[in-house]
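Asks: This structure is in structure tokens; I'll ask about it shortly.
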Amino acid sequence: MNRLAIFIDGAYLDWVQREVFNGHTDLEKLSTELSNEKELYRTYYYSCLPYQSNPPTKDEATRFGNAQKFFYSLDKLSRFQVRLGKLAYRGKDVDGKPIFEQKGVDILLATDLVLLSAKQHISEAVVIAGDSDFIPAIEVAKAEGVLIRLYSHPSSIHQDLWNVADERCDVDRDFFKKVKR
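Below you can see the structure in the form of structure tokens.
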């Protein structure tokens with residue numbers, strides 16, 4: 000078996016696109032580029048819908064509707080699956096800006112990676128993330144014989160996550176040129 004699954008932390012990819020490259024990624028192109036002509040089991044995209052107060056403001060409702068459309072369009076792509084956690088409101092910071100926290104997104108990615116590895120559905124995993132919370136799942140996948148290829152931006156990667164991967168690839172301008180929308 001020589002099958003690959005791609006695991007994308009949507010919030011991380013959004014941050015890299017917005018803060019570093021000021022552009023958008025064609026996720027279908029990204030999946031094709033990362034699969035590198037290997038058999039693709041599936042591309043998983045992890046995120047959450049935007050927060051809505053009760054009742055939602057017009058802006059919140061618009062953002063929520065746009066996100067629903069985006070996730071629906073991804074789910075329609077061949078071999079794509081969107082997995083959604085929740086966005087929790089945690090109050091306001093000292094400047095009065097709302098604080099939000101994703102709940103369940105990391106555990107969804109970790110669970111899928113471990114499950115696919117343990118059931119031997121994949122032999123290779125591409126992970127686009129920067130969070131050290133994924134280290135235990137990556138260690139389990141590696142123990143199951145899965146090769147882990149990590150894609151991240153050097154300015155936003157936890158060093159321990161970088162160290163645990165089998166292969167490491169920088170998400171740089173040249174990479175984004177190949178997969179931009």
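Going by numbering that gives the first Met the number 0, 6 is the number at position 7 of the sequence shown; the sequence numbering is gapless. Glycine residues also receive a C-beta, built at the ideal position from the N, C-alpha and C atoms.
#1: At what residues does the alpha helix (DSSP H) containing L26 begin and finish?
#2: Taking the Cβ atom as the reference point for each residue, do E42 and F79 lie within a distance shorter than 8 Å?
#3: Going by CA-CA distance only, name the one from T31, V104, D8, I134 that's closest to F174.
#4: Express the C-alpha separation of G95 and K37 in angstroms, rounding to a whole number.
#5: Suppose you measure from the CA of G22 to the CA of Y44; what does that come to, to the nearest Å?
#6: What is the DSSP secondary structure of P54, counted as helix, strand or coil?
#7: Indicate the three-state DSSP secondary structure (helix, strand or coil) for I147 in the structure shown.
#8: At which residues does the alpha helix (DSSP H) containing P135 begin and terminate?
#9: Hey, is the region 85-101 in contact with the region 117-135, meaning 3+ C-beta pairs nearer than 8 Å?
#10: For E143, tell me which candidate among D130, A136, S116, I134 has the shortest Cα-Cα distance.
#11: Please indicate yes or no: does the CB of L114 lie closer than 7 Å to some heavy atom of the ligand COA?
#12: For E166, I'd like the list of residues in its chain whose CB is within less than 6 Å of its CB, leaving aside the five on either flank, ordered along the chain.
#13: Relative to the alpha-carbon of P97, which residue among I5, I106, Y50, H152 has its alpha-carbon at the smallest distance?
Replies: With the structure as the only source:
#1: Taking the sequence shown and counting its residues from 1, the one referred to as residue 26 is at position 27. Here the alpha helix (DSSP H) through L26 covers 26-34.
#2: Here residue 42 refers to the residue found at position 43 when the sequence shown is read from its first residue. Here residue 79 refers to the residue found at position 80 when the sequence shown is read from its first residue. Per the sequence shown, residue 42 should be read as Thr rather than Glu. For T42 and F79, yes; Cβs fall inside 8 Å.
#3: By 1-based counting over the sequence shown, the position of residue 174 is 175. When each option's Cα is compared against that of F174, the closest is T31.
#4: Looking up residue 37 in the sequence shown gives position 38. Looking up residue 95 in the sequence shown gives position 96. Spanning the two alpha carbons is a distance of roughly 48 Å.
#5: Residue mapping note: residue 22 aligns to position 23 of the sequence shown, counting from 1. Residue mapping note: residue 44 aligns to position 45 of the sequence shown, counting from 1. Distance between the alpha carbons of G22 and Y44 is about 18 Å.
#6: The count along the sequence shown starts at 1 and reaches residue 54 at position 55. Coil.
#7: Locating residue 147 in the sequence shown gives position 148, counting from the first residue. Assigned with DSSP and collapsed to three states, I147 falls in strand.
#8: By 1-based counting over the sequence shown, the position of residue 135 is 136. Counting along the chain, the alpha helix (DSSP H) containing P135 begins and ends at 134-142.
#9: no
#10: Numbered from its first residue, the sequence shown carries residue 143 at position 144. Selected option, being the one with the closest Cα: S116.
#11: The ligand content of the structure shown is nil, which means the ligand COA is not present either.
#12: As a working note, residue 166 is residue 167 in the sequence shown. Answer for E166: R148, listed in chain order.
#13: As a working note, residue 97 is residue 98 in the sequence shown. The candidate whose alpha carbon is nearest that of P97 is Y50.
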